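Trainee: Mapping of the sequence shown onto mature numbering (1 follows the signal peptide of the UniProt record, and there is no 0): residues -20 to -1, 1 to 155, in sequence order. Just so it is clear, CB atoms sit at the ideal spot from N, CA and C, and this is done for glycine as well. Remember, predicted model here, so these are calculated numbers, not experimental data. Please find one structure pasted underneath; my questions will follow.
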Amino acid sequence: MTKKQLLVLVLFVSSLSVFAQNKIENLMIHWPEEYKWKIGTNQEDETVHFMELVPEKESIDNWTIIGTMMSLKNVTGMPMDKAMNLFFDQTKTNAPEAKLTVIEKNETDKNHWILFKVEVEKYLDDPKPESQLYYIIQGESSLYVNLVGIKEKKISKPFETKWSAIFKGSKIMFQ
């Protein structure tokens, strides 16, 4: 599969959810080509579509950067703070010292969204750090949860700025 085909596949398959009149709602994200992404995991059932991306020379078990996309199907009307706290609380079960920082949120537009980071110096079962930058956006028929993770204690300002722009540049499309 060529890089272009993979990018097209990721864009169209990343976050799928069916809504009225058999149209499909997608969250389209342009994952930077510099990482030469490949699909590490792709699972879907009636409630969730989950996909992980890693650089082409890395694996799902050994990566330096990882992209994750989730579509929580038929989840609508969830307050952004609640969505954020669900994911943060999940992290805290294995990393009690995890740090949460809200970067930006918008609950006035049609598609509410929140951008936040979770920074972890170590986990209870793993001394290695891992931090994530999350972007959650409410679609008409699904809640889309996207994140990029790195094996660092903290997310640098340039990394935060770059990935915030990537995620905020995503678009909900209907096809």
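1. Which value, in whole angstroms, describes the spacing of the CA atoms of Lys108 and Glu77?
2. Assuming Ser122 and Lys53 make a contact with CB atoms under 8 Å, what is their CB distance in whole Å?
3. So Met50 is in the beta strand (DSSP E); what residue range does that whole segment cover?
4. In the DSSP assignment, find the beta strand (DSSP E) that holds Gln118 and state where it starts and stops.
5. Looking at the unbroken beta strand (DSSP E) that takes in Ile130, where does it start and where does it end?
6. Rounded to whole angstroms, how far is the Cβ of Phe147 from the Cβ of Asn126, which I believe are closer than 8 Å?
7. If we require 4 or more residues per run, which alpha helix (DSSP H) segments fall completely within the region 45 to 102?
8. Which residue marks the beginning of the alpha helix (DSSP H) containing Ile146, and which one marks its end?
9. May I ask you to list the residues that DSSP assigns as paired with Leu104?
10. Kindly indicate which three-state DSSP category Glu32 falls into: helix, strand or coil?
11. Per DSSP, what kind of secondary structure is Glu26 in: helix, strand or coil?
12. Would you identify the three-state DSSP class for Val5, choosing helix, strand or coil?
13. Give a yes or no on whether the C-beta atoms belonging to Ile94 and Met50 are separated by under 8 Å.
14. What number of angstroms, rounded off, separates the C-alpha of Ile40 from the C-alpha of Thr21?
15. Considering only the alpha carbon of each residue, which of Ile19, Ile152, Glu120 and Gln155 lies closest to Trp43?
16. So what does Ile19 bridge to, in DSSP terms?
17. For Val128, collect the residues of the same chain with a Cβ closer than 6 Å to its Cβ; drop the 5 residues on either side in sequence, then sort them by chain order.
18. Could you tell me which of Glu5, Ile9, Lys3 and Ile4 sits nearest to Ala145, measuring between CA atoms?
Mentor: Put simply:
1. Translated into the one-based positions of the sequence shown, residue 108 becomes position 128. Translated into the one-based positions of the sequence shown, residue 77 becomes position 97. Rounded to the nearest angstrom, the two C-alpha atoms are 13 Å apart.
2. Walking along the sequence shown from the start, residue 122 turns up at place 142. Walking along the sequence shown from the start, residue 53 turns up at place 73. Their Cβ separation, rounded to whole angstroms, is 5 Å, which keeps Ser122 and Lys53 in contact under 8 Å.
3. Within the sequence shown, the letter at position 70 stands for residue 50. Per DSSP, Met50 belongs to the beta strand (DSSP E) from Ile45 to Lys53.
4. On the sequence shown, residue 118 is found 138 positions in, with the first residue counted as 1. For Gln118, the enclosing beta strand (DSSP E) begins and ends at Glu110 to Gln118.
5. Residue 130 sits at position 150 when you count from the first residue of the sequence shown. Where Ile130 is concerned, the enclosing beta strand (DSSP E) stretches over Ser122 to Ile130.
6. Translated into the one-based positions of the sequence shown, residue 147 becomes position 167. Translated into the one-based positions of the sequence shown, residue 126 becomes position 146. Phe147 to Asn126, Cβ: 6 Å. Contact.
7. Whole alpha helix (DSSP H) segments, 4+ residues: 60 to 72.
8. The residue given as residue 146 occupies position 166 in the sequence shown. Per DSSP, Ile146 is one residue of the alpha helix (DSSP H) stretching across Lys137 to Lys148.
9. Residue mapping note: residue 104 aligns to position 124 of the sequence shown, counting from 1. In the DSSP assignment, Leu104 forms no beta bridge with any residue.
10. Your numbering for residue 32 matches position 52 in the sequence shown. Three-state DSSP puts Glu32 in a strand.
11. Position 46 of the sequence shown holds residue 26. Of the three classes helix, strand and coil, the one that applies to Glu26 here is coil, per DSSP.
12. Counting from 1 along the sequence shown, the entry for residue 5 is found at position 25. The displayed chain sequence assigns Glu, not Val, to residue 5. Three-state result, Glu5: strand.
13. Residue numbering aside, residue 94 sits at position 114 when the sequence shown is read from its first letter. Residue numbering aside, residue 50 sits at position 70 when the sequence shown is read from its first letter. Contact flag unset, no.
14. Stepping through the sequence shown from its first residue, residue 40 is reached at position 60. Stepping through the sequence shown from its first residue, residue 21 is reached at position 41. Between the alpha carbons of Ile40 and Thr21 lies a distance of about 8 Å.
15. For the purposes of this step, residue 43 is taken as the residue at position 63 of the sequence shown. Nearest C-alpha to Trp43: Ile19.
16. For the purposes of this step, residue 19 is taken as the residue at position 39 of the sequence shown. DSSP links Ile19 through a beta bridge to Leu33.
17. Sequence index remark: in the sequence shown, residue 128 carries index 148 (1-based). Non-local beta-carbon contacts of Val128 in its own chain, meaning distances under 6 Å to residues more than five positions away in sequence, involve Gly47, Leu113 and Trp143 in chain order.
18. Along the sequence shown, one-based indexing puts residue 145 at 165. Residue Ile9 is the option with its Cα nearest to Ala145.
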